[in-house]
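Working notes, beginning with the structure itself.
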Amino acid sequence: MGSGIQVFGSSTLNNLTQNRVTNCMPYGLHLEEDSDSNYVYDNYVFNSSCGIYLNKAWNAGCDGNSFVNNTLSNSSLCAVWVASCSNNTFHHNNFVNNTSQVYSNSSVNVWDDGYPSGGNYWSNHILVDGYSGAGQNVTGKDGLCDTAFVINAENRDHYPLLGSATANLLVYTFVDETEYTDVEILVDAESPQYFSMVNVSVGIGSHNVTADHSFYRLYGIEIYKYTFSKWEDDSTSNPRQINVQQNMNITAYYTEKYWGSIQK
Ligand SMILES: [Ca+2]
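My numbering applies: residue 99 is where the sequence shown begins, and numbers increase by one.
If you want it as structure tokens, here you go:
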């Protein structure tokens, strides 16, 4: 029990990067009591009650922090819990399979990096892309969802990401880590130019890695099917063995096929 990483008591200008925080109750990353202007980048927070918890204490909130390129997954309560903390920025994070994505109370925060950089990937959002432009009203895809992800009246991601058809698997190495010996790549979004979907930590050694053989994506009323084609080194073995000696990325490529239309 206890938070994974706690930042307390007017702690400012810290960099929290490339941490793997799993099974921490109640909070994965915990900022409280006037901790401002910290940079939280490229962390993987899995299976906490709240992935990121921002709270006011002693009449001081946590403001002006940046949360970028983090993956927040399988949070039993919510991925981000924020109360009386404002001017924090969240973009290019993956919000995947959380009971609730964001709880926000008395807070006004920024949930995207503007156009065309974009916001976050939300696994429960409507992933439809037929329009582009800052107003998402120009015909043509741009890799960003056409509709905003609305948290409440004062908090919204104007440009949610569609995710990635190439699944980048960022493999962190932990010498003493043994619980993840098999790695499954789950690809459930589309748009080749965007960021990694899956961050998994494994130990040094040989591991069995599987990419999903196929998945479906809805575009408006049309359905596309994506089928595994190859790994970035042209191997088509799936599953395959990888030998981990240091942090690494591996990418699975998929082919897109038109599948059908939904009757409206
Ligand atoms: Ca769009």
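Glycine included, every Cβ here is placed at the ideal spot set by N, Cα and C.
Computed from a predicted model, the values in this text were never measured in an experiment.
Distance between residue j and residue i (C-alpha atoms, nearest Å)
i      : j      : result
Asn113 : Phe165 : 10 Å
Glu330 : Thr120 : 29 Å
Met123 : Gly100 : 5 Å
Ser312 : Tyr139 : 30 Å
Gly162 : Lys328 : 42 Å
Val143 : Ser198 : 15 Å
Ile340 : Val226 : 34 Å
Thr325 : Thr237 : 27 Å
Asn376 : Ser221 : There is simply no residue 376 to check, as the chain begins at 99 and stops at 362 in what is shown.
Ser289 : Phe106 : Caution applies to Ser289, whose pLDDT of 41 falls short of 50 and renders its modelled position unreliable; the value that the coordinates give is listed next. Looking at the two C-alpha atoms, the distance is approximately 39 Å.
Glu131 : Gly241 : 38 Å
Asp134 : Pro337 : 44 Å
Tyr137 : Ile224 : 29 Å
Asn153 : Phe188 : 16 Å
Ser204 : Cys183 : 7 Å
Tyr351 : Thr169 : 21 Å
Boundaries of the beta strand (DSSP E) in which residue i is found, first to last residue
i      : result
Tyr201 : Val200 to Asn203
Val105 : Ile103 to Val105
Ile224 : No beta strand (DSSP E) contains Ile224, which DSSP labels as neither H nor E.
Gln339 : Arg338 to Val342
Val143 : Tyr142 to Phe144
Trp209 : Here Trp209 belongs to no beta strand (DSSP E), and DSSP marks it neither H nor E.
Trp179 : Cys176 to Ala181
Asn113 : Asn113 to Thr115
Thr110 : First-last for Thr110: undefined, no H or E at that position.
Thr120 : Arg118 to Thr120
Bridge partner(s) assigned by DSSP for residue i
i      : result
Ile302 : According to DSSP, which records beta bridges pairwise, Ile302 is partnered with nothing at all.
Asn192 : Thr169 and Tyr219
Lys239 : Lys239 pairs with nothing; no bridge assigned.
Cys148 : Tyr125 and Cys176
Asp255 : Phe247
Ala232 : Answer by DSSP bridge pairing: none, since Ala232 is not bridged.
query = Are the segment 185-201 and the segment 230-245 touching, with three or more C-beta to C-beta distances below 8 Å?
reply = Remark: fewer than three beta-carbon pairs, one from each stretch, lie closer than 8 Å, so the segment 185-201 and the segment 230-245 are not flagged as touching.
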